[in-house]
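Student: Terminal number for the sequence shown in this note's numbering: 337, no gaps in between.
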Amino acid sequence: MRVLMPVPDRDFDVTEVAVPWRLLTDAGHEVVLATERAGTRPAADPRLLTGVLFGQLGAEDEPKRCYEQLTAAPEFHATVGWADVDVTEYDGLLLPGGHAPGMRQYLGSAELRTQVARFWALKRPVGAICHGVLVLARAQDPATGRSVLAGHRTTCLPKYMERTAYLTTAWRLGRYYRTYPAYVEDEVRAALGDPAAQFERGPRVLTRRGTAGDDTHAFVVEDGTYLSARWPGDAYLFGRRYLDLLRRTD
88 MRVLMPVPDR DFDVTEVAVP WRLLTDAGHE VVLATERAGT RPAADPRLLT GVLFGQLGAE
148 DEPKRCYEQL TAAPEFHATV GWADVDVTEY DGLLLPGGHA PGMRQYLGSA ELRTQVARFW
208 ALKRPVGAIC HGVLVLARAQ DPATGRSVLA GHRTTCLPKY MERTAYLTTA WRLGRYYRTY
268 PAYVEDEVRA ALGDPAAQFE RGPRVLTRRG TAGDDTHAFV VEDGTYLSAR WPGDAYLFGR
328 RYLDLLRRTD
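1) Give the DSSP-derived three-state secondary structure of residue 236 in the structure shown.
2) Given residue 149, which residues of its chain have a CB within under 7 Å of its CB, disregarding the five upstream and five downstream residues?
3) Could you name the residues of the same chain whose beta carbon sits closer than 8 Å to that of residue 175, not counting the 5 residues immediately before and after it, in chain order?
4) On the CB-based measure, 16 or more other CB atoms within 10 Å of its CB, does residue 137 come out buried or exposed?
5) Check whether the Cβ atoms of residue 214 and residue 329 lie closer than 8 Å to each other.
6) Tell me residue 313's beta-bridge partners as DSSP assigns them.
7) Rounded to a whole number of angstroms, what is the C-alpha to C-alpha distance between residue 173 and residue 334?
8) Thinking C-alpha only, which one of 179, 241 and 104 is nearest residue 153?
9) Would a C-beta distance cut-off of 8 Å place residue 121 and residue 166 closer than the cut-off?
10) Using only the alpha-carbon positions, how far apart do residue 337 and residue 211 sit?
11) With distances taken from CA atoms, which of 201, 250, 221 and 247 is nearest residue 228?
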């Protein structure tokens, strides 16, 4: 199957892009990366590769190895343009996250939101993780004028995680962890018809992550053909559950 993965030119999350890419390609699927302009060679948030603060808080070693493999793959150098995509040619859509300033190109693109809404209407598998859920929250169903998420259960980056990361690092990095004035959770909740019933925060975690071999500390929400996750610590479970969605719709 062909899965479309839009990304910004820079600052996407290493783990949330590279881990699903690795799992999907290992399973025999094709992942097509899309940037605003075709042929752009994108780049992950460099702090996540070297360590956000004193060498800590970055991506784990295994996701970083996956990212190295991705940057050497042909699809990393042959991105398609957001506006040029014919969404009907894809079997799935994956929306990764990231929080650094370069993500605003992707999270704030009306052009991308239009394409995402078109794909959503096809009722094919859509996965979104962390800030990637914002793209869906902001994408409008043309028939109703409401968010495509209005009637669905979802998770996203929880407010307590975003606030903790910001307060821990603001003395050195300023608003690096605050992509927008509003918290991701608040904006996603505002897009839902019944936030109390539809939004799922998941177990409270701050440092423990799911891994390639252990999903104990990971969490995702599945609602029909839509799958969402909270942060990089969910990426392996997110990738595996997304594979299950593709298999069920094959």
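Glycine included, every Cβ here is placed at the ideal spot set by N, Cα and C. Just so you know, these numbers come straight off a predicted model, no measurement behind them.
Tutor: On the basis of the data shown:
1) coil
2) 299
3) 209
4) exposed
5) yes
6) 213 and 310
7) 22 Å
8) 104
9) yes
10) 10 Å
11) 201
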